[in-house]
Amino acid sequence: MSIFNKKEESLKGKKSLVIYFSHTGENYMSDGIRNIDKGNTEIVAEMIKDITGADLFKIETVKEYPYNYQDCCNVAKQELNLNSRPELKRYLSDISQYEVIYICSPIWWNYMPNAILTQLEKLDFNGKIVKYVITHEGSGIGACNKNIEKCCKGAEIREGLAIRGSTVNNARDILENWI
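In the numbering used here, the protein residues as written are 2 to 180.
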């Protein structure tokens with residue numbers, strides 16, 4: 002595992018996969034709690050797909066997270082405290098055909114939601130380039146880099162990107178430069 006510190010070459014054209022988890026329903030935004038029909042992280046994941054031609058893999062839990070913002074926060078905190086791994090509707094078992102893996106996640110309680118860890122821990126990242134995007138509303142990347150370093154052993158981990166959820170619809174240029 003290494004962090005890429007010099008100016009990065011473009012990853013466009015490399016066989017890529019976007020693994021993401023996103024939450025709809027009530028979300029905290031810069032102007033308060035708002036209902037969203039499409040999750041901020043999903044919007045980012047789809048932009049990366051559009052820019053790079055990457056395949057998409059959406060992480061979905063068997064037991065959905067609550068629609069209500071506060072209830073969702075409570076469940077997320079409980080999962081974090083118990084270090085639990087929610088069951089997923091389907092699992093990605095092999096990423097060997099991909100050179101670049103983009104991981105897109107919201108930040109919950111300073112870390113990635115445990116649902117995304119359920120999936121990442123099952124994959125072999127040896128020899129992969131990993132880039133990650135965290136959607137937030139003021140937390141930045143927090144300690145999500147620790148999740149990436151722990152789950153993506155053997156990968157060349159590139160610098161992460163934090164994007165405010167309330168600005169994702171205007172993030173295409175930022176994503177293109179980051180990619």
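Using N, Cα and C, we set each Cβ at its ideal position, and we do this for glycine too.
| When you compare each of Cys153, Tyr68 and Val76 to Gly128 by their alpha carbons, which one comes out closest? | Cys153
| request: Keeping to the same chain, check which residues put their C-beta closer than 6 angstroms to that of Leu12; ignore five residues upstream and five downstream. | output: Taken in chain order, the residues that qualify are Val101 and Ile180.
| query | Exposed or buried, Gly139, counting other C-beta atoms within 10 Å across all chains shown (16 or more means buried)? | reply | exposed
| said: Let me confirm a value: Ala75 is counted as buried when at least 16 other C-beta atoms fall within 10 Å, else exposed. Which label applies? | reply: The residue asked about is misnamed: residue 75 is Asn in this sequence, not Ala. Exposed, by the Cβ-count rule.
| message | Can you tell me whether Met44 is helix, strand or coil according to DSSP? | response | The sequence given here has Ile at residue 44, not Met. Three-state result, Ile44: helix.
| said: Using the three-state DSSP reduction, which class does Asn111 fall into: helix, strand or coil? | reply: coil
| Considering only the beta carbon of each residue, do Glu1 and Tyr68 sit closer than 8 angstroms? | In the structure as shown, the chain begins at 2 and stops at 180. Residue 1 is therefore absent and cannot be evaluated.
| query | Straight-line CA distance for Ile52 to Ile20? | reply | 15 angstroms
| said: Just to confirm, is the Cβ distance from Thr25 to Gly40 under 8 angstroms? | reply: yes
| Is the segment 114-121 close to the segment 75-94, with three or more CB pairs under 8 angstroms? | yes
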